[in-house]
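Residue numbers (our numbering): 10 to 253.
We put the beta carbon where it would ideally sit given N, CA and C, even for glycine.
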């Protein structure tokens, strides 16, 4: 059975002044799917993540979240969304539990359900023992986990992650990828990355974004190897993966 479409983007464009940053972006993402946007820095990935999360308006086009237009019906659309930007929105002088309770409140989780929501988010993100720790004292990897926990605290159906492995050491990258992979059982996951290995290992679908356009959209299973993905990236963009 085909999973329902959770997100649909049609003709999304974004300009800064006279400079186009995104041009005619069209895609869908389904429940139970990990959809990844792979591209170099400056390709427009973060701008796209901001638009589909509702934190930035498109210049034209539309984004539908479970049928709700993110610009004209933002309150309804955002109830389906969890978002981890490239810089996690952390209050580092808070304890983890304190911060997650704040996030639960602003996401509309009822007070009677907040304790369970916090414990569930910590369990999914490997933070069971970190609840009473101050965020500023956590490693970069654990701070990223807290950022992921705030994105799922209200059990959204769609999770948007902008460069979730950025700044992590190799071991932390592996741990973050495992966490993301586990999330797709209950969520539609959309993320951006400049790492070929991350896209190949995590995605059900890979969309190569280059100069603000989707240069390629293919099932990850259609690539025979990471090397095949690399060769496809080069042929689609004219750039080596070493440039991204």
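Beta-carbon contacts of residue i that lie in its chain and below 8 Å, excluding the five residues immediately before and after
{"i": "residue 124", "result": "none"}
{"i": "residue 135", "result": "154, 184, 188"}
{"i": "residue 37", "result": "14, 16, 17, 18"}
{"i": "residue 191", "result": "133"}
{"i": "residue 111", "result": "100, 103"}
{"i": "residue 65", "result": "23, 56, 59"}
Residue environment, residue i, which counts as buried when at least 16 other CB atoms sit within 10 Å
{"i": "residue 194", "result": "exposed"}
{"i": "residue 149", "result": "exposed"}
{"i": "residue 20", "result": "exposed"}
{"i": "residue 96", "result": "exposed"}
{"i": "residue 61", "result": "buried"}
{"i": "residue 201", "result": "buried"}
{"i": "residue 137", "result": "exposed"}
{"i": "residue 243", "result": "exposed"}
{"i": "residue 35", "result": "exposed"}
{"i": "residue 132", "result": "exposed"}
{"i": "residue 246", "result": "buried"}
{"i": "residue 47", "result": "buried"}
{"i": "residue 115", "result": "exposed"}
{"i": "residue 121", "result": "exposed"}
{"i": "residue 176", "result": "exposed"}
Integer-rounded CB distance, given that residue j should sit under 8 Å from residue i
{"i": "residue 16", "j": "residue 72", "result": "7 Å"}
{"i": "residue 104", "j": "residue 142", "result": "6 Å"}
{"i": "residue 58", "j": "residue 171", "result": "4 Å"}
{"i": "residue 63", "j": "residue 86", "result": "6 Å"}
{"i": "residue 219", "j": "residue 52", "result": "5 Å"}
{"i": "residue 23", "j": "residue 82", "result": "In fact, because the Cβ distance is near 20 Å, the residues do not count as touching under 8 Å."}
Which residues DSSP lists as bridging residue i, in chain order
{"i": "residue 214", "result": "44, 228"}
{"i": "residue 17", "result": "37, 73"}
{"i": "residue 93", "result": "170"}
{"i": "residue 143", "result": "104"}
{"i": "residue 198", "result": "43, 168"}
{"i": "residue 223", "result": "218"}
{"i": "residue 24", "result": "29"}
{"i": "residue 78", "result": "73"}
Residues of its chain near residue i, where Cβ-Cβ distance is below 7 Å and the 5 sequence neighbours each way are ignored
{"i": "residue 207", "result": "174, 186"}
{"i": "residue 145", "result": "101, 102"}
{"i": "residue 158", "result": "109, 130, 131, 134, 136"}
{"i": "residue 152", "result": "97, 99, 144"}
{"i": "residue 235", "result": "205, 206, 209"}
{"i": "residue 160", "result": "91, 92, 93, 168"}
Sequence-distant residues of its chain with Cβ nearer than 6 Å to residue i (five each side left out)
{"i": "residue 77", "result": "85, 86"}
{"i": "residue 140", "result": "105, 106"}
{"i": "residue 222", "result": "32"}
{"i": "residue 126", "result": "113, 118, 162"}
{"i": "residue 232", "result": "238"}
{"i": "residue 199", "result": "38, 44, 169"}
{"i": "residue 156", "result": "93, 97"}
{"i": "residue 228", "result": "214"}
Should the region 34 to 50 be regarded as contacting the region 212 to 228, the criterion being three or more beta carbon pairs within less than 8 Å?
yes
Are the region 181 to 190 and the region 23 to 31 touching, with three or more C-beta to C-beta distances below 8 Å?
no
Spell out a yes or no on whether the region 77 to 92 and the region 166 to 175 are touching, meaning 3 or more CB-CB pairs, one atom from each, closer than 8 Å.
yes
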